[in-house]
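Participant: Heads up: the sequence shown begins at 1 in the numbering used here, then just goes up one per residue. Below is a structure I'd like to ask you about.
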Amino acid sequence: MLSFFLSLFSFLSSFLSTLKRLLSCMCSGAFLIPYILMAIFGGVPLFYMELALGQFHRTGAISIWKHICPIFKGIGYAICVIALYVSFYYNTIIAWALFYFYSSFSSILPWTNCDNVWNTPNCTNYFGMDNVTWTNSSSNRNHICENVLEIHKSSGLRDVGGVRWQLMLCLFLIFTIVYFSLWKGVRTSGKVVWVTATLPYIVLFILLIRGATLPGAWRGVVFYLKPQWDKLLETSVWVDAAAQIFFSLGPGFGVLLALSSYNPFTNNCYRDAIVTSLVNCLTSFVSGFVIFTVLGYMAEMRKVEVEDVAKDKGPSLLFITYPEAIANMMGSTFFAIIFFVMMITLGLDSTFGGLEAIITAVLDEYPDYFSHRRELFVLCLVVVCFLGSLSTLTNGGAYVVKLLEEFGVGCSIIAVGFLEAIAVSWFYGIKRFSNDVQAMLGQAPGLFWRVCWVAISPAFLAVREENKVKIFITVAYTSDWHNENTLTRIYFEGKKCLICLLFVCIRLSFD
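Here it is, written out as structure tokens:
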């Protein structure tokens, strides 16, 4: 049971899902209100539902549908394909972290100054400078763009350039670790997560203490906690809150089904859902202090406002802003090493969960073919993931990562979660599902949970999905079709929508 909790905690604490929540907090502490409400009425009920489904039926994401509603079996296949797509870009980000980890073993961190061969003429160290023009580029931005990614050799998605062999080597090492952690099943992965799940919390505590002692840290904390109540009137804040709680708790990815299927039948999955959700939200809240104390320190050193420092989004915060702050601390080498160790372990935890969802689903669906060939199947899966990741290792790989993350997974996984909630609550029947929970726990779910499963949780997923669809419609309807830039934008928006529709087609083709 302890291994189950650690596996669950480690999957939920992925650095990307945590980062998404922190970036949403850039609109200040007011975000916590919609975040908590969406967690109570949307995220946690769906989380509880998946744990109960996996524990009762004791099977993976594909074969579980023959017990629930066979016509929705395509959802299981869609979950596996989405998990495969996630592995194509997610492990590349871990490879970036491994590259930085290797580079950190130096008395002077390579992104500290502008004296390296890859630095551009406009490279500048922002710290301690009062006037920096918009044409200047920080030394760390130079490091990741010119040295790690060599993104200047790519003109975009139309021409991604060649594969970076250094990153390919890092990715090979990552997948080697993944294979030997998963090839024997929970016997090996359950032991590995004892390290990968606990180490990040130790590092997080160290970074929190260090951040709190930095000059200007209080400025970041104030920015993090001070509410801007007018933001609550913006629809985008509520929509983002719905998305972030969904991605942070992970229903729809198949991981919860896979992990809970190994639990004893009478395990208290209700307790598991409440405890892990609370720990997850608390971890996110504490992580905010780790990030924003450092952002306050950077604002103090640059003599600017915190919001000016916090403008970097996505992986930029992890690979540009935070490492730049670490480079200017006393003991920078030590803190850089432990920071990237934390990122690597958090990333590996999520990879373990995502690939285990595929493995469990396929082995349970085709036991005659794969039950005695797990090692071979895991090897083939890892090879496919490695080959599928090659496009993200190119000079323009960052563009591919962005495309897959936002449009190859985002819309699709929300659609899967919506269909899953509808299939269980409306087709399988909320009464039958409640009886299943009662058979395991000795008592049926309360009225609150039943109402959320039937109406509220599907509604908040539907609203989020509708918001994504509106993007393309708005661009196409309001744009000047005679403008070349507009046509290019519509072309790429259309390509993004086609990526999303791929998973809808997969679901329908298997129904």
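We treat Cβ as the ideally placed atom computed from N, Cα and C, and that holds for glycine.
Smallest Cα separation from residue 253: which of 359, 113, 95 and 462?
Facilitator: Here residue 253 is taken as the residue at index 253 of the sequence shown, counted from 1. The shortest Cα separation from residue 253 among 359, 113, 95 and 462 belongs to 359.
Participant: Tell me the residue span of the alpha helix (DSSP H) that contains residue 154.
Facilitator: Working through the sequence shown from its first residue, we reach residue 154 at position 154. Segment: none, residue 154 is in no alpha helix (DSSP H) and carries neither H nor E.
Participant: Give the secondary structure of residue 114 by DSSP, where H, G and I count as helix, E and B as strand, and everything else as coil.
Facilitator: Here residue 114 refers to the residue found at position 114 when the sequence shown is read from its first residue. Of the three classes helix, strand and coil, the one that applies to residue 114 here is coil, per DSSP.
Participant: Below 8 Å, can you find three or more Cβ-Cβ pairs linking the region 58-71 to the region 363-377?
Facilitator: With the cut-off at 8 Å, the region 58-71 and the region 363-377 touch.
Participant: Given a cut-off of 8 Å, decide if residue 326 and residue 339 are closer than it, judged by their beta-carbon atoms.
Facilitator: If you number the sequence shown from 1, residue 339 lands on position 339. If you number the sequence shown from 1, residue 326 lands on position 326. For residue 339 and residue 326, yes; Cβs fall inside 8 Å.
Participant: Between residue 238 and the rest of its own chain, which residues show a CB-CB distance below 6 Å, the 5 nearest in sequence each way excluded?
Facilitator: Counting from one through the sequence shown, the residue named residue 238 turns up at place 238. For residue 238, where only same-chain residues beyond five positions count, the Cβ hits under 6 Å are 34.
Participant: Helix, strand or coil for residue 123 per DSSP?
Facilitator: Within the sequence shown, numbered from 1, the residue matching residue 123 stands at position 123. Here residue 123 sits in strand by DSSP.
Participant: Report the rounded CA-to-CA distance for residue 4 versus residue 447, giving the unit in angstroms.
Facilitator: Numbered from 1 along the sequence shown, position 4 holds the residue referred to as residue 4. Numbered from 1 along the sequence shown, position 447 holds the residue referred to as residue 447. Going from the Cα of residue 4 to the Cα of residue 447 covers about 28 Å.
Participant: Going by C-alpha distance, which of 273, 200 and 181 is nearest residue 290?
Facilitator: Residue mapping note: residue 290 aligns to position 290 of the sequence shown, counting from 1. Selected option, being the one with the closest Cα: 200.
Participant: Could you check the C-alpha separation between residue 324 and residue 461 for me, to the nearest Å?
Facilitator: As a working mapping, residue 324 is identified with position 324 in the sequence shown. As a working mapping, residue 461 is identified with position 461 in the sequence shown. When rounded, the distance between both Cα atoms is 37 Å.
Participant: Does residue 216 pass the burial test, meaning 16 or more other C-beta atoms within 10 Å, or should it be called exposed?
Facilitator: Indexing the sequence shown from 1 puts residue 216 at position 216. Flag for residue 216 reads buried.
Participant: Would you list, in sequence order, the uninterrupted alpha helix (DSSP H) runs of no fewer than 4 residues that lie entirely inside the region 250-289?
Facilitator: Those alpha helix (DSSP H) runs which fall completely within the region 250-289 and span 4+ residues are 255-260.
Participant: On the premise that residue 406 lies in contact with residue 89, defined as a C-beta separation below 8 Å, what is that separation, rounded to the nearest angstrom?
Facilitator: For the purposes of this step, residue 89 is taken as the residue at position 89 of the sequence shown. For the purposes of this step, residue 406 is taken as the residue at position 406 of the sequence shown. Actually they are not in contact, since the Cβ atoms of residue 89 and residue 406 sit about 10 Å apart, beyond 8 Å.
Participant: If distances are taken between C-alpha atoms only, which option among 182, 245 and 100 comes closest to residue 373?
Facilitator: Within the sequence shown, the letter at position 373 stands for residue 373. Checking every option, the nearest Cα to that of residue 373 belongs to 182.
Participant: Output needed for residue 428: all residues of its chain with C-beta closer than 8 Å, excluding positions within five of it in sequence on either side, in chain order.
Facilitator: By 1-based counting over the sequence shown, the position of residue 428 is 428. Excluding residues within five positions, the ones whose Cβ falls inside 8 Å are 68 and 69.
Participant: Is the Cβ-Cβ distance between residue 119 and residue 139 less than 8 Å?
Facilitator: The sequence position of residue 119 within the sequence shown is 119, counting from 1. The sequence position of residue 139 within the sequence shown is 139, counting from 1. Yes, they are a contact pair.
Participant: Can you tell me whether residue 284 is buried or exposed, with buried defined as 16 or more other CB within 10 angstroms of its CB?
Facilitator: In the sequence shown, counting from the first residue as 1, residue 284 sits at position 284. Result: buried.
Participant: What is the DSSP secondary structure of residue 133, counted as helix, strand or coil?
Facilitator: As a first step, residue 133 must be located in the sequence shown, where it is residue number 133. Low per-residue confidence applies at residue 133: pLDDT is 47, beneath 50, and the placement is therefore not dependable enough to give any value.
Participant: Determine, using beta-carbon pairs with one atom in the region 447-459 and one in the region 35-55, whether at least three such pairs fall under 8 Å.
Facilitator: Counting Cβ pairs under 8 Å, three or more are found: they touch.
Participant: What are the start and end residues of the alpha helix (DSSP H) that includes residue 400?
Facilitator: The residue given as residue 400 occupies position 400 in the sequence shown. It spans 397-403 - the alpha helix (DSSP H) in which residue 400 sits, taken as one unbroken run.
Participant: Take residue 263 as the anchor and find which of 441, 378, 162 and 417 has the nearest alpha-carbon.
Facilitator: Position 263 of the sequence shown, counting from 1, holds the residue named residue 263. The candidate whose alpha carbon is nearest that of residue 263 is 441.
Participant: Given this structure, state the Cα-to-Cα distance separating residue 220 from residue 143, to the nearest angstrom.
Facilitator: If you number the sequence shown from 1, residue 220 lands on position 220. If you number the sequence shown from 1, residue 143 lands on position 143. Going from the Cα of residue 220 to the Cα of residue 143 covers about 25 Å.
Participant: State the start and end residues of the unbroken alpha helix (DSSP H) segment that holds residue 163.
Facilitator: Numbered from its first residue, the sequence shown carries residue 163 at position 163. It is not in any alpha helix (DSSP H) - residue 163 carries neither H nor E in the DSSP assignment.
Participant: Quick check on residue 165: buried or exposed, where buried means 16 or more other Cβ atoms within 10 Å of its Cβ?
Facilitator: What you label residue 165 is simply residue 165 of the sequence shown in a count that begins at 1. By the 10 Å Cβ count, residue 165 comes out exposed.
Participant: Could you tell me if residue 244 is buried or exposed, where buried requires 16 or more neighbouring beta carbons within 10 angstroms of its beta carbon?
Facilitator: Against the sequence shown, residue 244 aligns to sequence position 244. Burial call: buried.
Participant: Who are the Cβ neighbours of residue 87 in its own chain at under 8 Å, not counting the five residues just before and after it?
Facilitator: Looking up residue 87 in the sequence shown gives position 87. So the list reads 351, 354, 355, 385, 388 and 389, once near-sequence residues are dropped.
Participant: Which whole-angstrom value describes the C-beta separation of residue 75 and residue 396, a residue pair presumed to lie in contact below a C-beta threshold of 8 Å?
Facilitator: The residue labelled residue 75 in the question sits at position 75 within the sequence shown. The residue labelled residue 396 in the question sits at position 396 within the sequence shown. With a Cβ gap of about 33 Å, residue 75 and residue 396 do not count as contacting.
Participant: Return helix, strand or coil for residue 106, following the three-state DSSP convention.
Facilitator: As a first step, residue 106 is located in the sequence shown; it is residue number 106 there, counting from the start. Residue 106 falls in the coil class under three-state DSSP.
Participant: Is residue 138 helix, strand or coil by DSSP?
Facilitator: Residue 138 sits at position 138 when you count from the first residue of the sequence shown. Reduced to three states, the DSSP call for residue 138 is strand.
Participant: Counting only the same chain and skipping the five closest in sequence on each side, list residues whose C-beta sits under 8 Å from that of residue 450.
Facilitator: For the purposes of this step, residue 450 is taken as residue 450 along the sequence shown, with counting starting at 1. Counting only Cβ-Cβ distances below 8 Å, and skipping sequence neighbours, we find 430 and 434.
Participant: Quick check on residue 394: does DSSP put it in helix, strand or coil?
Facilitator: Within the sequence shown, numbered from 1, the residue matching residue 394 stands at position 394. Residue 394 falls in the strand class under three-state DSSP.
Participant: Hey, quick one: how far does the alpha helix (DSSP H) through residue 218 stretch, first residue to last?
Facilitator: The sequence position of residue 218 within the sequence shown is 218, counting from 1. Residues 217-225.
Participant: In the DSSP assignment, find the alpha helix (DSSP H) that holds residue 385 and state where it starts and stops.
Facilitator: As a position in the sequence shown, residue 385 is number 385, starting the count at 1. Run containing residue 385: 374-388, per the alpha helix (DSSP H) assignment.
Participant: Measure from the alpha carbon of residue 77 to the alpha carbon of each residue in 412, 174, 378 and 273, then state which is nearest.
Facilitator: Reading the sequence shown from its first residue, position 77 is the one you call residue 77. For residue 77, the nearest C-alpha among the options comes from 412.
Participant: What do you get for residue 544, buried or exposed, if any count of 16 or more other CB atoms within 10 angstroms of its CB means buried?
Facilitator: Residue 544 cannot be examined here, being either before or after the span of the chain that is shown, 1 to 511.
Participant: What is the rounded straight-line gap between the Cα of residue 475 and the Cα of residue 267?
Facilitator: In the sequence shown, residue 475 corresponds to position 475, counting from 1. In the sequence shown, residue 267 corresponds to position 267, counting from 1. Confidence is the limiting factor: at residue 475 the pLDDT is only 44, short of 50, which leaves the residue's position unreliable and the question unanswerable from this model.
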